[in-house]
């Protein structure tokens, strides 16, 4: 081989290494950040008693550290994807990382509950931005069969983070204090920034309208925040109090305002025409229910297990105790993919909600004499049932629409996931607190009052899973799109935290003037 041939070969190797480096960089940056965001989200409930003790904030007020995160996430999840499409996905992704780092630092330095809650609200915006733009970057930076493989890895990282969060939170509280989780998460997110800048190329969607539906984003927040506030404070104010009714009135008015805005804007937050797809709506409501039930049960389990008048566990012990529920839903979801292929989604989803209802029925009989051993089995049954319902629901949400609507369907289902987490956690927290206080007023001991609160909360959640059974049976028969592939299993597992499309979105036509444009996002 001549010198010229050697140089040419070297040039070819360098040219080939560029795309490979970019693909590796975007995969590393997005998967690491997805793991951190989901682990952080699922860990926070374990930290609340320690935060309460350190800051002096009540657990009732710190409930907003959980629901506030989900409320903001619901409002921002679709808008952040749209911002990435218009202004550059890498730019918005890095903005999300910077915001996440800032929120972690704010929370870690907080001396009072107010700053913790504020930091978590900011973190809701940051987390939803990282997830939305991260998945879009994968689609833009990797093509062909490698694209779905990368999405599968991203889904697996999201699922692993969601499952590991409670245990990691418990370990860190004992080792570093509750602040340690946020300092470590800030460091990891910060490390993703130079990695992204060095290896991830910028991309956007030139086919997307340039307008952003900011009004729709604000109205989503205006619908949810007053509603959750009324649910949280209604038992204290009185359900017919002017403040409670005023909050509900604001929410209802905002719903009408949202519909009017979405009909008129050029690039709506939600394509209202998609809401005529009953399979998409049904699967989204099922996702909402699953997310709400698992987050609500994890919330009250964390408080009950660590309360000195109940099981008096340490944060580490509570993290270990809730691990079966956190891990069970993630592990179960992908294992049922073949069942869906054989029996159909409706049957599996209805069966999953039925199993979850059985688990909650047992927990509705909690007594103050119960040890952890009595909780373990029904929690596992609940997790298995929710995993059965969640996996098919997440896959169906994007499989039931044409390829060009996958991103919009994904956005709707992910918004539903955040809404479910916020609303049901707020509802169950209100039930838990109100029933406990009522029984204390009647002369019950603290341990008896806590057990009554847990039992009544489980009964309330049972009503939601029972509704899930009816919902699945009412929605028409749903069949899968073919033999399950790796991406179907990963999408089902990741469905506890994010809806992952199981098919690629068609790329826009090439423009000779501008060269090959990046593909559109697979997530609205």
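Numbering (my numbering), first residue to last: 508 to 1031.
Glycine included, every Cβ here is placed at the ideal spot set by N, Cα and C.
Because the structure is a prediction, the values reported are computed rather than measured.
query, result
"Taking buried to mean at least 16 other C-beta atoms within 10 Å of its own C-beta, is residue 785 buried or exposed?", "exposed"
"Is it the case that the Cβ atoms of residue 636 and residue 719 are separated by a distance below 8 Å?", "no"
"Taking DSSP as the reference, what is the three-state secondary structure of residue 814?", "coil"
"Residues in the same chain with beta-carbon distance under 8 Å from residue 954, minus the five sequence neighbours each way, listed in chain order, please.", "816, 817, 875"
"Whose C-beta lies closer than 7 Å to the C-beta of residue 758 among residues of the same chain, with five residues either side of it excluded?", "730, 733, 734"
"For residue 825, tell me which candidate among 795, 681, 860, 690 has the shortest Cα-Cα distance.", "681"
"In the DSSP assignment, find the alpha helix (DSSP H) that holds residue 656 and state where it starts and stops.", "652–683"
"Would you identify the three-state DSSP class for residue 854, choosing helix, strand or coil?", "helix"
"In chain order, what residues of the same chain have a beta carbon less than 6 Å from the beta carbon of residue 924, not counting five sequence neighbours either side?", "794, 798"
"Hey, residue 832 and residue 890 are a contact pair by Cβ (cut 8 Å); roughly how many whole angstroms apart?", "5 Å"
"Which residue from 614, 853, 644, 565 puts its Cα closest to that of residue 599?", "644"
"Here's the rule: buried if 16 or more other CB atoms are within 10 angstroms of the residue's CB, otherwise exposed. What is residue 692?", "buried"
"Contact defined as beta carbons within less than 8 Å: I believe residue 641 pairs with residue 774. What is the distance between those atoms, to the nearest angstrom?", "Rounded, the Cβ-Cβ distance is 21 Å, inconsistent with contact."
"Check residue 987 in the structure and name its three-state DSSP category.", "Model confidence at residue 987 stands at a pLDDT of 49, short of 50, so the residue's coordinates are unreliable; what they give is reported in the following sentence. Correct three-state label for residue 987: coil."
"Near residue 791, what residues of its chain come up, given a Cβ to Cβ distance below 7 Å and the 5 sequence neighbours on each side ignored?", "904, 919, 920, 923"
"Can you tell me the Cα-Cα spacing of residue 836 and residue 666, whole angstroms?", "10 Å"
"If you run the structure through DSSP and keep just helix, strand and coil, what is residue 872?", "coil"
"How about the region 697–705 and the region 601–608: do they share at least three Cβ pairs that are nearer than 8 Å?", "yes"
"Using the Cα positions of residue 820 and residue 559, report the straight-line distance between them to the nearest angstrom.", "16 Å"
"For residue 624, does the count of other Cβ atoms within 10 angstroms reach 16, so buried, or fall short, so exposed?", "buried"
"By alpha-carbon positions, which one of 563, 555, 562, 582 ends up nearest to residue 573?", "555"
"Taking its Cβ as the centre, do 16 or more other Cβ atoms sit within 10 Å of residue 736, making it buried, or is it exposed?", "buried"
"How big is the Cα-Cα spacing for residue 887 and residue 724?", "37 Å"
"Excluding the 5 residues preceding and the 5 following residue 615 in the sequence, name in chain order all residues of the same chain whose CB lies nearer than 6 Å to its CB.", "686, 689, 690"
"Exposed or buried, what is residue 565 when buried is set at 16 or more other beta-carbons lying within 10 Å of its beta-carbon?", "exposed"
"Which two residues bound the contiguous alpha helix (DSSP H) that contains residue 899?", "879–906"
"In whole angstroms, what separates the C-alpha of residue 805 from that of residue 981?", "29 Å"
"Is it true that the CB of residue 958 sits closer than 8 Å to the CB of residue 879?", "no"
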